[in-house]
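Q: Using the numbering used here, read the sequence shown as starting at 45 and increasing by one per residue.
Glycine is no exception: its CB is placed at the ideal position from the N, C-alpha and C atoms.
This one's a predicted model, so the numbers in the text were calculated from it and none came from an experiment.
Provided herewith is a single structure, encoded as structure tokens, for subsequent inquiry.
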Amino acid sequence: MDSIQEFMDSCKSENMIHTSNNNTSSSSNSLVIGNSNSPSASSTNSSSRYENQKRRDWNTFGQYLKNHRPPLSLSRCSGAHVLEFLRYLDQFGKTKVHTPICPFYGHPNPPAPCPCPLRQAWGSLDALIGRLRAAFEENGGKPETNPFGARAVRLYLREVRDLQSKARGISYEKKKRKRPPPQHQHHHQHQPQQPPLPLPHHHLPPGAT
Numbered sequence: 045m046d047s048i049q050e051f052m053d054s055c056k057s058e059n060m061i062h063t064s065n066n067n068t069s070s071s072s073n074s075l076v077i078g079n080s081n082s083p084s085a086s087s088t089n090s091s092s093r094y095e096n097q098k099r100r101d102w103n104t105f106g107q108y109l110k111n112h113r114p115p116l117s118l119s120r121c122s123g124a125h126v127l128e129f130l131r132y133l134d135q136f137g138k139t140k141v142h143t144p145i146c147p148f149y150g151h152p153n154p155p156a157p158c159p160c161p162l163r164q165a166w167g168s169l170d171a172l173i174g175r176l177r178a179a180f181e182e183n184g185g186k187p188e189t190n191p192f193g194a195r196a197v198r199l200y201l202r203e204v205r206d207l208q209s210k211a212r213g214i215s216y217e218k219k220k221r222k223r224p225p226p227q228h229q230h231h232h233q234h235q236p237q238q239p240p241l242p243l244p245h246h247h248l249p250p251g252a253t
């Protein structure tokens, strides 16, 4: 269906960030470089792309609910249905996820092809859920009933992240920013002030005035 294909096209752009495909990454970066002359225009374009992507994702999920057997209304959608949707999208995945019996399991750059399945990259799914979660509330949904924020969905994403990290031999941990070394300020050592020396007392002889 067209909406699913639109979503898959959008997932390719997400996979540029989370896979090691240098060719697609360079083409993605060229978009950013082209708008680098105007920071305000770049941020506006980025926001516009996000909003368009979020709208397409929301329409795609709505189409999925209509095609569900039996058809499912959004008000009855739960975290379990969101998990069904994510598993359904795996058939359109482009990311090779090695199985434990594969000789390339844990190898970030396999030297040869293998029959391991293709899946949606964890980064794509995580970003998708973030957009759908926001779209649900923007379309009148309540945060406490948001199926995209369900605990089961969070656990599933965590499981996919850990599985793909081990299978692909890459880390999804966020890099911690290195703090700049503390600047050594040269403080003048203040020596304690010594009390003034007592004046010598001249003892006068008795009877002297």
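In the structure shown, what three-state DSSP assignment does arginine 113 receive?
A: Your numbering for residue 113 matches position 69 in the sequence shown. Correct three-state label for arginine 113: coil.
Q: Rounded to whole angstroms, what is the Cα-Cα separation between tryptophan 102 and phenylalanine 180?
A: Position 58 of the sequence shown, counted from the first residue, corresponds to residue 102. Position 136 of the sequence shown, counted from the first residue, corresponds to residue 180. Their Cα atoms are separated by approximately 8 Å.
Q: For serine 70, collect the residues of the same chain with a Cβ closer than 8 Å to its Cβ; drop the 5 residues on either side in sequence, then sort them by chain order.
A: Position 26 of the sequence shown, counting from 1, holds the residue named residue 70. Since pLDDT at serine 70 reaches only 36, below the 50 mark, its modelled position is unreliable, and no value is offered.
Q: Just to confirm the assignment, what range does the alpha helix (DSSP H) spanning leucine 176 have?
A: Residue mapping note: residue 176 aligns to position 132 of the sequence shown, counting from 1. Where leucine 176 is concerned, the enclosing alpha helix (DSSP H) stretches over 166 to 182.
Q: Between the alpha carbons of proline 114 and threonine 104, how many angstroms are there, rounded?
A: Along the sequence shown, read from residue 1 onward, the residue named residue 114 stands at position 70. Along the sequence shown, read from residue 1 onward, the residue named residue 104 stands at position 60. Near 17 Å, if we compare the C-alpha coordinates of threonine 104 and proline 114.
Q: Under a CB-based cut-off of 8 Å, is glycine 167 close to chain D?
A: No chain D appears in this structure, which consists of one protein chain only.
Q: What is the residue span of the alpha helix (DSSP H) that valine 197 lies within?
A: Here residue 197 refers to the residue found at position 153 of the sequence shown. Taken as a continuous stretch (DSSP letters only), the alpha helix (DSSP H) holding valine 197 covers 195 to 212.
Q: DSSP on threonine 143, reduced to helix/strand/coil?
A: On the sequence shown, residue 143 is found 99 positions in, with the first residue counted as 1. Coil, per DSSP.
Q: Does the segment 139 to 150 come within contact of the segment 182 to 198, defined as at least 3 CB pairs closer than 8 Å?
A: They do not touch, by the three-pair rule.
Q: State the CB to CB distance for the pair aspartate 134 and glutamine 164, rounded to an integer number of angstroms; the pair is presumed to be in contact (CB under 8 Å).
A: The count along the sequence shown starts at 1 and reaches residue 134 at position 90. The count along the sequence shown starts at 1 and reaches residue 164 at position 120. Contact holds; Cβ gap of about 5 Å.
Q: From which residue to which residue does the alpha helix (DSSP H) around histidine 125 run?
A: Counting from 1 along the sequence shown, the entry for residue 125 is found at position 81. Counting along the chain, the alpha helix (DSSP H) containing histidine 125 begins and ends at 123 to 133.
Q: Counting C-beta neighbours from all protein chains within 10 Å, is the total for threonine 88 16 or more, i.e. buried, or is it exposed?
A: Translated into the one-based positions of the sequence shown, residue 88 becomes position 44. It counts as exposed.
Q: Straight-line CA distance for serine 117 to leucine 109?
A: On the sequence shown, residue 117 is found 73 positions in, with the first residue counted as 1. On the sequence shown, residue 109 is found 65 positions in, with the first residue counted as 1. Cα to Cα, the separation comes out at about 7 Å.
Q: Taking one C-beta from the segment 190 to 198 and one from the segment 149 to 157 each time, how about it: are there three or more such pairs within less than 8 Å?
A: Contact between the segment 190 to 198 and the segment 149 to 157 is absent, because fewer than three Cβ pairs lie under 8 Å.
Q: Give me the Cα-Cα distance between isoleucine 214 and histidine 151, rounded to the nearest whole angstrom.
A: Residue mapping note: residue 214 aligns to position 170 of the sequence shown, counting from 1. Residue mapping note: residue 151 aligns to position 107 of the sequence shown, counting from 1. Cα to Cα, the separation comes out at about 8 Å.
Q: In angstroms with no decimal places, state the Cα-to-Cα distance between proline 161 and lysine 140.
A: On the sequence shown, position 117 is the one that residue 161 refers to. On the sequence shown, position 96 is the one that residue 140 refers to. C-alpha separation (whole angstroms): 6 Å.
Q: Give the single residue among Tyr149, Thr189, Arg212, Tyr216 whose Cα lies nearest to the Cα of serine 122.
A: For the purposes of this step, residue 122 is identified with residue 78 of the sequence shown, where counting begins at 1. The shortest C-alpha separation from serine 122 is found at Thr189.
Q: Going by C-alpha distance, which of Ala171, Arg177, Gly167, Arg198 is nearest serine 209?
A: Translated into the one-based positions of the sequence shown, residue 209 becomes position 165. Checked all of Ala171, Arg177, Gly167, Arg198; the closest Cα to serine 209 is Gly167.
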